[in-house]
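Report on the structure given below.
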Amino acid sequence: MMKKLLSTLSLTLGLLVSAQVGIKTDTPKANLDVNGDVNFRNKIAVLNTTDNSISQGNNDQLLVSQGEGFAPIWKSLRIPEYEPNKFYLIYNNSFSDKVGVSFTSSDDSSVGLASRGGTFTKGKDIGSLTNFKKINNLSQVISVFSTQSKAYFQFETVVQADFGGAGSTDTSIDYACGIFVDNKLVNLRQRNLKAITTSYPFLTHTQIGIVDNLAKGNHTVDVACTRLGSYGAASNTLTIGTNVYTNINGFISQSSLKVDVYEVPEVFNTIIN
389 MMKKLLSTLS LTLGLLVSAQ VGIKTDTPKA NLDVNGDVNF RNKIAVLNTT
439 DNSISQGNND QLLVSQGEGF APIWKSLRIP EYEPNKFYLI YNNSFSDKVG
489 VSFTSSDDSS VGLASRGGTF TKGKDIGSLT NFKKINNLSQ VISVFSTQSK
539 AYFQFETVVQ ADFGGAGSTD TSIDYACGIF VDNKLVNLRQ RNLKAITTSY
589 PFLTHTQIGI VDNLAKGNHT VDVACTRLGS YGAASNTLTI GTNVYTNING
639 FISQSSLKVD VYEVPEVFNT IIN
């Protein structure tokens, strides 16, 4: 009986040393292939390849694969612990554009001074606004994951006109830029660029828009601008997000859009120590 037991043990050890072992499978695909549940009652340890030591990891760490041929490693999972009814930054991104848009006097809007307040209203569809041109690379898709959210949009660009040195002459151009979500106006700023004593004046244009509680899902954000009216500038060109003359360049005049979406999370990943 003892001889049979020793023979069985020797055969089993030989298989473990020289062959693949399968549990509930006749065709193991690894040194140990378990076709079913695995329950570890004590410790899991892996080889630390930096010093050939055995590492059991730290509290709250996970085993992460490094790919075929490399031992797994322990890594900490950084999940924020969300609290109910508080806003957290969930989506953040920024975009840039060096192409910009250009306007001649033929692009002047038909919206007069007296009617602008009634025309540029929140929720206005971009298709109903005349001569608005999109800054193409700032048209982007953003994501919202909760019904309670606040989306912040920060747009910055440079506006330039090819005015000569006009001194005190009242030469200027009105323009406006709008931020649109799903083609609906959510924010608009109107300004005026005046001729000054030096040629080819420019200004930095900055605006911030805020939208509450966008529907869950993806949304398209656009930035579009228009030339509203000219005053003694019928022959002059206005550029937004690009340069009309070499006293500035495309790098200086480029446009940027920053998007932050704060949400009250609806799904909580609780951290258990």
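When you line the sequence shown up against my numbering, it's residues 389 to 661, in that order.
Just so it is clear, CB atoms sit at the ideal spot from N, CA and C, and this is done for glycine as well.
Can you list, in chain order, the residues of its chain with a C-beta nearer than 6 angstroms to that of residue i? Leave out the 5 residues immediately preceding and following it.
i: Asn-635; result: Tyr-588
i: Asn-580; result: Ser-560 and Asp-562
i: Leu-397; result: Residue confidence for Leu-397 is low, a pLDDT of 46 falling below 50, so the modelled location carries little weight; the figure read from the coordinates is stated next. Excluding residues within five positions, none has a Cβ falling inside 6 angstroms.
i: Tyr-650; result: Phe-475, Leu-477 and Lys-538
i: Ser-497; result: Thr-518, Asn-519, Thr-614 and Leu-616
i: Val-499; result: Thr-507
i: Leu-451; result: Pro-460
i: Ile-411; result: Val-422
i: Phe-483; result: Leu-526, Gln-528 and Leu-645
i: Leu-501; result: none
Taking the alpha-carbon positions, what's the residue i to residue j distance?
i: Ser-441; j: Leu-435; result: 6 angstroms
i: Gly-515; j: Ala-583; result: 32 angstroms
i: Thr-608; j: Glu-544; result: 18 angstroms
i: Asp-648; j: Ile-598; result: 10 angstroms
i: Leu-616; j: Asp-562; result: 5 angstroms
i: Asn-427; j: Phe-541; result: 50 angstroms
i: Gln-578; j: Thr-492; result: 17 angstroms
i: Glu-654; j: Thr-630; result: 42 angstroms
i: Thr-414; j: Gln-449; result: For the sequence presented, residue 414 should be read as Asp rather than Thr. Straight-line Cα distance between these residues: approximately 34 angstroms.
i: Gly-671; j: Gln-454; result: An answer regarding residue 671 cannot be provided, because it is not within the stretch 389 to 661 covered by the chain.
i: Thr-535; j: Ala-622; result: 48 angstroms
i: Phe-639; j: Leu-576; result: 24 angstroms
i: Gly-715; j: Asn-637; result: Examination of residue 715 is not possible in this model, given that the chain is present from 389 through 661 alone.
i: Pro-472; j: Arg-429; result: 35 angstroms
Cα-Cα, which of the options is closest to residue i?
i: Cys-565; options: Ile-640, Leu-450 and Lys-521; result: Lys-521
i: Lys-572; options: Phe-508, Leu-450 and Gln-542; result: Phe-508
i: Cys-613; options: Tyr-540, Asn-519, Lys-431 and Ala-549; result: Asn-519
i: Asn-481; options: Leu-645, Leu-517 and Glu-456; result: Leu-645
i: Thr-585; options: Gln-454, Val-569, Ile-478 and Gly-553; result: Gly-553
i: Asp-570; options: Ile-596, Asp-513, Ala-622 and Thr-535; result: Asp-513
i: Ile-596; options: Gly-620, Ala-621, Phe-568 and Ala-502; result: Phe-568
i: Ser-618; options: Leu-451, Gly-638, Asn-631 and Asp-495; result: Asp-495
i: Tyr-479; options: Val-632, Phe-639, Ala-622 and Asn-606; result: Asn-606
Taking Cβ to Cβ, would you say residue i is nearer than 8 angstroms to residue j?
i: Ser-643; j: Asp-485; result: yes
i: Asn-601; j: Ser-537; result: yes
i: Phe-590; j: Gln-548; result: yes
i: Asn-624; j: Asp-550; result: yes
i: Lys-431; j: Phe-533; result: no
i: Leu-517; j: Val-611; result: no
i: Thr-592; j: Val-546; result: yes
i: Val-487; j: Asn-524; result: yes
i: Thr-594; j: Ser-490; result: no
Once you ignore the five residues that flank residue i on each side, which residues in its own chain have a CB closer than 8 angstroms to its CB?
i: Gln-408; result: Pro-416, Lys-417, Ala-418, Asn-419, Leu-420 and Asp-421
In its own chain, which residues sit with a C-beta less than 7 angstroms from the C-beta of residue i, not counting the 5 before and 5 after it?
i: Ser-443; result: Ala-433, Val-434, Asn-436 and Trp-462
i: Lys-510; result: Leu-573 and Val-574
Strictly under 8 angstroms for the Cβ-Cβ distance: is residue i near chain C by that measure?
i: Leu-501; result: Absent here is chain C; the protein component of the structure consists of one chain.
Starting from the N-terminal side, write out each stretch of the alpha helix (DSSP H) that is 4 residues or longer and does not extend beyond the stretch 469-517.
504-507
Complete runs of the beta strand (DSSP E) confined to the stretch 520-547 [at least 3 residues]
528-532
Quick check for students: name the residue ranges of the beta strand (DSSP E) that lie wholly in the stretch 543-627, counting only runs of 3 or more.
560-569, 572-582, 590-600 and 605-619
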